[in-house]
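The opening residue of the sequence shown carries number 2 in the working numbering; numbering runs sequentially from there. The beta-carbon is built from N, C-alpha and C at its ideal position, and this holds for glycine as well. Computed from a predicted model, the values in this text were never measured in an experiment. Shown next, in structure tokens, is the structure this report addresses.
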Amino acid sequence: MFVEDDSYVDAVMEKLEGESCNIEYAVQQAGEQFAAMFAAMDDDYMRAREVDIRDVTRRLLNNLTGIAEDGIDPVAPVVLAADDLAPSETLRLDKTKILGFITQGGSGNSHTAILARAMGIPAICGLGEALKQEYEGRQAYMDGETGQVFLDPDEMTVQMFQDKAEKQRERKALMENLKGKEDVTLDGRRIELCCNIGSPDDVSAVLANDGQGIGLFRSEYLYLAAGDYPTEEEQFEAYRAVAAAMEGKRVIIRTLDIGADKQAGYFGLQKEENPAMGLRAIRICLNRPEVFRTQLRALYRASAFGKVSIMFPMVTSVWEVEECRRACRSVMKELEQEGIPFNPDTEIGIMIETPASVFMAAELAELVDFFSVGTNDLTQYMLACDRQCNDLGRFCDPHHPAVLRALKFTADAAHRAGIRIGICGELAADVSLLPTFLAIGIDELSVSPEAVLPLRAAIRKSNAQACTLEKLECQRNDAGKE
Ligand code: PEP
Ligand code: MG
């Protein structure tokens with residue numbers, strides 16, 4: 002919008018013509034003039050736009066001078082250290098060049114961390130002030146498991162890392178035997194063990210790790226990776242490719258979950274004081290029917306090429322699901338009239354990520370074919386703990402009985418209505434909670450591809466009948482409260 006603004010374009014043209022300078026100089030000067038104008042404004046919000054002006058100016062100058070903006074392109078592979086990385090920047094990282102990354106901001110639950118997990122890049126998010134500018138160029142070993150960084154490691158540390166890496170390789174080799182085996186407990190309970198992905202490129206990791214389907218395709222990453230709304234055709238191609246590659250196994254595609262920490266400039270979303278509770282996810286789709294319609298058309302068209310299910314994020318109310326279903330019906334009607342093939346029985350599900358959806362589970366279950374619990378957001382909203390914030394420590398406990406009781410409450414409602422319930426938040430991969438999930442009766446777990454085989458090993462060693470709901474009880478003496 003800024004670069005199309007008449008007064009800005011006029012300012013650039015005036016400089017260009019009046020000062021006989023080149024275009025780069027004119028853009029830089031006009032940018033300075035506008036940045037200074039915003040910086041001098043009384044209103045806090047308008048004053049903060051100075052940063053945006055500088056950002057746009059920098060990007061224009063990069064385009065004009067041919068500087069690639071597509072991320073970091075080091076000569077040799079490196080450990081990247083940054084104050085923070087947006088999910089869109091993380092998506093553009095070249096895995097062959099980035100050995101791992103460390104950020105000052107964010108947390109293990111932020112989308113940047115989740116993406117790193119899906120992409121198989123070791124990451125430490127939220128290191129805070131411990132990360133210093135003077136570390137630039139030094140040798141670093143990082144351990145994504147423990148969150149430790151070692152600078153200029155001595156011989157002993159190097160040896161320790163080499164031993165750990167060797168053990169990891171051995172564990173991986175052992176896991177290979179589990180490929181092709183069933184996800185069934187000793188007493189015969191079957192769990193659907195699926196994967197979370199962000200793009201068609203991630204399917205190869207799903208197949209390599211023997212995931213039994215896609216439990217969550219975060220479709221918004223297609224929007225974040227693009228500079229403008231992806232077209233129906235572009236989206237259709239991406240969804241079709243995943244559905245076809247999974248050869249008849251279920252592929253749950255979540256509709257656009259943008260907003261909060263997942264920002265795409267071209268959406269022109271207003272800056273919000275509390276973006277996690279703002280206009281995000283299904284709220285944006287319901288407020289922008291054309292954006293929603295384009296995605297639904299692409300999804301239904303892809304349903305003709307595999308077992309596609311559609312899932313809506315951040316639901317709180319019955320009317321939202323009814324409106325989603327109306328939008329689906331309208332798209333199906335359009336496709337029918339146009340003679341375009343689709344599966345009219347495409348399953349529809351919702352994510353359970355808000356306390357409201359937990360307490361409305363009985364009514365919501367009547368409207369959909371399945372539930373999938375987004376424990377990342379559910380934990381944030383149940384415990385009032387911002388998932389981006391790394392300082393909450395013991396206050397932000399996804400094992401909190403409130404979160405687990407919410408899971409049980411929802412699972413009971415789902416089963417009473419005869420629909421299945423899965424978990425697709427990061428908690429699904431927490432092997433220590435598997436007995437609780439089995440006791441609750443969770444039907445599906447969807448995890449990053451690397452987590453499939455360790456979870457399979459644990460499922461195959463479990464006895465579902467013997468699992469208890471002990472963790473749902475209030476644990477007064479756990480470490481967090483001492
Ligand atoms: C969740 O909230 O648990 C979830 C799976 O969705 P996302 O992490 O993309 O918000
Ligand atoms: Mg979520």
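Option in V332, R251, C126 and T355 with minimal Cα separation from P290: V332
When R298, D258, F3 and A303 are compared against C286, the one with the closest alpha-carbon: D258
Classification of Q236 by the beta-carbon crowding that lies within 10 angstroms, buried from 16 upward: buried
Contacts around Y26, its chain only, beta-carbon distance under 8 Å, and the 5 residues preceding and following it disregarded: K16 and E20
Beta-carbon separation (whole angstroms), R118 vs S447, contact threshold 8 Å: Wrong, their Cβ atoms sit about 13 Å apart, outside the cutoff.
R219 - partner residues in DSSP beta bridges: Beta-bridge annotation (DSSP): R219 is paired with R255.
As assigned by DSSP and simplified to three states, the class of N110: coil
Residue range of the unbroken alpha helix (DSSP H) whose run includes K16: D7 to G19
Secondary structure of M1, DSSP reduced to three states: Since the first and last residues shown for the chain are 2 and 483, residue 1 lies out of range.
Straight-line Cα distance separating A366 from E491: The structure shown does not extend to residue 491, since the chain is modelled only from 2 through 483, so no value can be given for it.
Heavy atom of ligand 1 within 7 Å of T411 beta-carbon: no
Beta-carbon separation (whole angstroms), S220 vs I253, contact threshold 8 Å: Incorrect: roughly 10 Å between the Cβ atoms, too far for contact.
G145 versus Q134: straight-line alpha-carbon distance, rounded: 20 Å
Inter-residue spacing [alpha-carbon to alpha-carbon] between Q466 and V374: 23 Å
Start-to-end residues for the alpha helix (DSSP H) that takes in E335: V319 to E339
Residue from G249, E354, F343 and V185 whose Cα sits closest to the Cα of L454: Per the C-alpha coordinates, the member of G249, E354, F343 and V185 positioned closest to L454 is V185.
Selected residue, minimal CA-CA separation from L300, among G279, Q338, Y267 and I349: I349
Pair within 8 Å by beta-carbon distance, I443 and A412: Contact flag set, yes.
Residues that V453 bridges to, as DSSP identifies them: DSSP output for V453 lists no bridge partner at all.
C-alpha distance - E337 paired with D202, whole-angstrom precision: E337 and D202: Cα-Cα distance of roughly 31 Å.
S89 - containing alpha helix (DSSP H), residue span: Per DSSP, S89 belongs to the alpha helix (DSSP H) from P88 to L92.
Check: G375 C-beta below 7 Å from any heavy atom of ligand 4: Annotation note on ligand 4: not contained in the displayed structure, which lists ligand 1 and ligand 2 as its ligands.
Under the three-state DSSP convention, the category G260 falls into: strand
Contact test: D486 Cβ vs ligand 1 heavy atom, cutoff 7 Å: Residue 486 cannot be examined here, being either before or after the span of the chain that is shown, 2 to 483.
Neighbourhood of P402 by C-beta distance below 8 Å, restricted to the same chain and skipping five residues each side: K472, L473, E474, C475 and Q476
Reduced DSSP category for Q490 - H, G, I as helix; E, B as strand; rest coil: What is shown of the chain runs 2 to 483, which leaves residue 490 out entirely.
Ligand 2 heavy atom lying under 7 Å from the CB of P88: Checking every heavy atom of ligand 2 against the Cβ of P88, none is found closer than 7 Å.
Opposing strand residues paired with C195 [DSSP bridges]: S447
Burial state of M352, where buried means 16 or more other Cβ atoms lie within 10 Å: buried
Buried versus exposed, by CB contacts within 10 Å (16 or more), R48: exposed
Start-to-end residues for the alpha helix (DSSP H) that takes in S358: P356 to F360 is the span of the alpha helix (DSSP H), which, as asked, contains S358.
First through last residue of the alpha helix (DSSP H) which encompasses F372: Note, F372: premise wrong, no alpha helix (DSSP H); beta strand (DSSP E) at F371 to V374.
Unbroken beta strand (DSSP E) run spanning T347, endpoints: It is not in any beta strand (DSSP E) - T347 carries neither H nor E in the DSSP assignment.
Per-residue burial, E171 [other beta carbons within 10 Å of its own, 16 or more giving buried]: exposed
F3, DSSP secondary structure in three states: coil
Where Q160 falls, given that 16 or more other Cβ within 10 Å makes a residue buried: exposed
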